[in-house]
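So the protein lines, in turn, are chains C and H.
Taking the working numbering, the leading residue of the first sequence gets 1260, the next gets one more, and so forth.
Taking the working numbering, the leading residue of the second sequence gets 8, the next gets one more, and so forth.
For every residue, glycine included, the Cβ atom is placed at its ideal position computed from N, Cα and C.
These figures come from a predicted structure and were not determined experimentally.
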Amino acid sequence: MTWAEQILAAKSGRDRVQPGEYVVARLDGFMMHDIFAADVLGLLDEVGIARLDDPERVTVVFDHMVPAPSVAAAVHQRKARELVIRYGIRHFHEIGRGVSHQVMVEEQRVQEGDLVAATDSHTTTYGGVGAISTGIGSTEMAYALATGTLWFKVPESVLIRLEGAFAEGTSGKDLILALMQTVGSDVAQARSLEFRGPEATSLTLADRLTVCNMGVEMGAKFAVFPPGAHDPQEAAYAARYTVDLAALQPMVAIPHHVENVRPVSEAAGTRIDQVFIGSCTNGRLQDLRDAASLLAGRRVAPGVRLIVVPASREIYRQAAGEGILDALSAAGAIVEGPGCGPCFGGHLGLLAPGERCLGTHNRNFQGRMGSPDAEIYLASPLTAAATAIAGEIADPRALLRELAAKEVSG
Amino acid sequence: MSVQFPTLRGKVWLLGDNISTDVLSPGPYVHAPNQERLRHVLEAVRPDFAPKVQSGDLVVAGRNFGCGSSRESAPQHLKDLGVAAVVAESFSRIFARNAIAIGLPVLTCAGVRQRVRDQEEIAVDVVLGAVVLSDGTALAAERIPPEMLTVLSNGGIVPMLRAIAQAHTHGGGTSEGRDEDGLGR
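In structure tokens, the structure reads:
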């Protein structure tokens, strides 16, 4: 069986499951953030369900509209806090703790082999630690919290074998952007993406989380790096791909869809108004280190706004300790507190008509970050940093070569 | 038990591929009052939709409809505006699941976008999975599994939650017993 089949079988009390079957599975964990916690718990309250199946399995993180940018958001959050207490949810993380998905991993609220659901599409992120996990809506979450269970259609799996090692200037973001184009939603929709191969397990945790995070942008139900490099005997896959990491180059998604992916070199020279480095996709320490490796000692181009949002308090403090936040600030960045930042378009750095933003986040749909007449480009932290310095979309490898030459001569 | 669901007849709003949750339910209005949020539904791609859509109208679209966020407001806004069903060449799975959970029928119908005209009057048989065009041509859509049809015909999951609440109130059973109220059984 594939990894998704093994876990769904175990969680639904079966020896085996087949793709296409419906199973009712018991979940190991649930997560809600500030946008939906009040809706979910409010619905349970309204229909008269006074207790959750198991509050210990539930985590609530405030990460989207933080700190509350409006009275409406403040009222919504107050309602959620009251309900969190009333329903006995101990694992509650206030504003400032970080992006929910990063917090779930840091707090070890999700483990290898777990089945987890959350009210956020980027819940596929936990595949980076070997869990199968997926996003659901508020009404389904209410049902799941009341019963501890949820129905799943057992997905077909797609095997993606990773070979080789990342070349200079590329990372997990370039891998998943490349897959967005070569695999895409026509293949991945509602399926489980399973990453294996000799290199799959040598990817950093940050890269694995980035790759699984954006699995949902292909429509995948799960995206996961199972333990062990080799695909199991007797596992049936609907499709198989092999990617040579060494052959990847820096990639960028251009407006207005995540599957419109090009090598950065083809979009180079596009003028940019705002650069965003952060989010559950690319706001981790490795990402901030990458950005600082190019931005330290340089300046953001005139006319460009650089917004940096560490994904969690732990990351914020480590980056501060390493001098990264100071270097980015000195380069001209505004460093915001941990959270989702401008990614989902609720507040912080919305775009005016005609403006262009290049970000390290996960979606470039029309209207995602403010005006429907703005444009969003998606790329890696290295590409974002090179772009902020140049004021236009730039391939980071030129700057990296410059740095390497300096080191040799210095 | 056969599931009853009336045939839907309505005017088509024809949309393209990759209609995202960000155009269905734009982020900047996330905490705005519902009436204001409804004014912005699809404004980026179809600004005449929100002001003119009428109760019973149908949305027909291309591939990957509802891609993006897990926000249930995306199907809920369509339902609140009176849309009776969405027919598309393919759906993002979270959107499709959310739509069923709130009682909005979604049908997958290959090639539908090329066969239907904007503002055409069509009929949709949710149970049989059929789309009937104004000239009488019938297109086959994928049939919705019986479990999901039951949820749809009950108006979504909320009625099931009310039943669970009642079972709790009347001291009903173990957690295994409660699962029998569940989906997919």
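query = Of all the residues that make up the stretch 65-76 of chain H, which are near chain B by a beta-carbon distance shorter than 8 Å?
reply = No chain B is part of this structure, whose protein chains are labelled C and H.
Distance between beta carbons of alanine 1550(C) and isoleucine 1536(C), contact taken as under 8 Å = 5 Å
request  = Buried or exposed for aspartate 64(H), please, with buried defined as at least 16 other CB atoms from any protein chain shown within 10 angstroms of its CB.
outcome  = buried
request  = Determine the DSSP secondary structure at phenylalanine 1603(C), reduced to helix, strand or coil.
outcome  = helix
key: Partners in chain H for leucine 1267(C), counting only beta-carbon separations shorter than 8 Å   = Here the premise fails: no neighbours, minimum Cβ distance about 12 Å.
ask   = DSSP three-state call for arginine 1615(C): helix, strand or coil?
value = Here arginine 1615(C) sits in strand by DSSP.
Every unbroken beta strand (DSSP E) within the stretch 1274-1324 of chain C, with a cutoff of 3 residues, ordered by chain = If we require 3 residues or more, the beta strand (DSSP E) runs fully inside the stretch 1274-1324 of chain C come out as 1281-1285, 1288-1292, 1317-1320.
ask   = What is the rounded straight-line gap between the Cα of alanine 95(H) and the Cα of glutamate 1365(C)?
value = 39 Å
Spatial neighbours of isoleucine 164(H) in its chain, beta-carbon cut-off 8 Å, leaving aside the 5 residues before and after = Cβ within range, chain order: Ala108, Ile109, Val158, Leu190.
ask   = Taking C-alpha atoms, which residue in Glu1634(C), Ala1426(C), Ile1294(C), Ala1405(C) lies nearest to leucine 1609(C)?
value = Glu1634(C)
query = Among all the DSSP beta bridges, which residues are the ones paired with glycine 1629(C)?
reply = Leu1610(C)
query = What is the C-beta distance between glutamate 1453(C) and valine 1475(C), in whole angstroms, given that I count them as a contact (C-beta under 8 Å)?
reply = Wrong, their Cβ atoms sit about 15 Å apart, outside the cutoff.
task = Give the DSSP-derived three-state secondary structure of tyrosine 1575(C) in the structure shown.
result = helix
Beta-carbon proximity of glycine 1604(C) to proline 54(H), cut-off 8 Å = no
ask   = Less than 8 Å separating the beta-carbons of alanine 1643(C) and leucine 1617(C)?
value = In contact: alanine 1643(C) and leucine 1617(C) (Cβ atoms closer than 8 Å).
task = Report the residue ranges of all beta strand (DSSP E) runs contained in full by the stretch 1445-1525 of chain C; include only those spanning at least 3 residues, in chain order.
result = As far as the stretch 1445-1525 of chain C is concerned, its whole beta strand (DSSP E) runs of at least 3 residues are 1451-1455, 1481-1483, 1498-1503, 1510-1512, 1520-1522.
Residues that lysine 18(H) bridges to, as DSSP identifies them = In DSSP, lysine 18(H) forms a bridge with Glu128(H).
key: Nonlocal neighbours in the same chain, by C-beta distance under 6 Å from leucine 15(H), ignoring five residues either side   = Ala91, Ala92, Val131
key: Touching by the beta-carbon criterion (3+ pairs, under 8 Å), the stretch 1456-1472 of chain C and the stretch 1431-1439 of chain C   = yes
key: For glycine 1580(C), three-class secondary structure by DSSP   = helix
inquiry  = Between which residues of its own chain and isoleucine 1266(C) is the CB-CB distance below 7 Å, once the five residues before and five after are set aside?
reply    = Gly1372, Leu1374, Ile1391
ask   = For the 8 Å Cβ check, are there 3 or more pairs between the stretch 1446-1466 of chain C and the stretch 1395-1406 of chain C?
value = Here the stretch 1446-1466 of chain C makes no contact with the stretch 1395-1406 of chain C; the two share fewer than three CB pairs at distances below 8 Å.
Neighbour flag for serine 141(H) against chain C, beta carbons, 8 Å = With its beta carbon at least 8 Å from every one in chain C, serine 141(H) lies outside the interface.
request  = Pick helix, strand or coil for glutamine 61(H), following the three-state DSSP scheme.
outcome  = coil
inquiry  = Please tell me whether threonine 157(H) has its Cβ less than 8 Å away from any Cβ of chain C.
reply    = no
key: Identity of the residue in Thr1406(C), Glu1666(C), Ser1639(C) nearest glycine 1428(C) by Cα   = Among Thr1406(C), Glu1666(C), Ser1639(C), the Cα nearest to that of glycine 1428(C) is on Ser1639(C).
ask   = Can you list the residues of chain H that serine 1397(C) reaches, using a CB-CB cut of under 7 Å?
value = Within chain H, the residues near serine 1397(C) are Glu79.
request  = Look at the alpha carbon of threonine 1318(C) and the alpha carbon of glycine 17(H), and state the distance between them as a whole number of angstroms.
outcome  = 43 Å
key: Simplified DSSP state of tyrosine 1636(C), which is helix, strand or coil   = strand
message = Using the three-state DSSP reduction, which class does arginine 1530(C) fall into: helix, strand or coil?
response = strand
query = Is it a yes or a no for the stretch 23-30 of chain H touching the stretch 72-80 of chain H, going by three-plus beta-carbon pairs under 8 Å?
reply = yes
query = Could you check where the beta strand (DSSP E) with histidine 177(H) kicks off and where it finishes?
reply = Neither: histidine 177(H) is in no beta strand (DSSP E) and is coded neither H nor E.
message = Excluding the 5 residues flanking phenylalanine 1528(C) on each side, which residues of the same chain have their C-beta closer than 6 Å to its C-beta?
response = The question names phenylalanine, but residue 1528(C) in the sequence shown is glycine. Taken in chain order, the residues that qualify are Glu1651.
request  = For glutamine 83(H), I'd like the list of residues in its chain whose CB is within less than 6 Å of its CB, leaving aside the five on either flank, ordered along the chain.
outcome  = Ile109
ask   = For aspartate 55(H), which residues in chain C fall below 9 Å Cβ to Cβ?
value = Near aspartate 55(H) there are no residues of chain C at all, since even the closest Cβ is about 14 Å away, more than 9 Å.
query = Mind pulling the chain H residues with CB within less than 7 Å of valine 1306(C)?
reply = Below the 7 Å Cβ cutoff, chain H contributes Val165, Leu168, Arg169, Ala172 as neighbours of valine 1306(C), in chain order.
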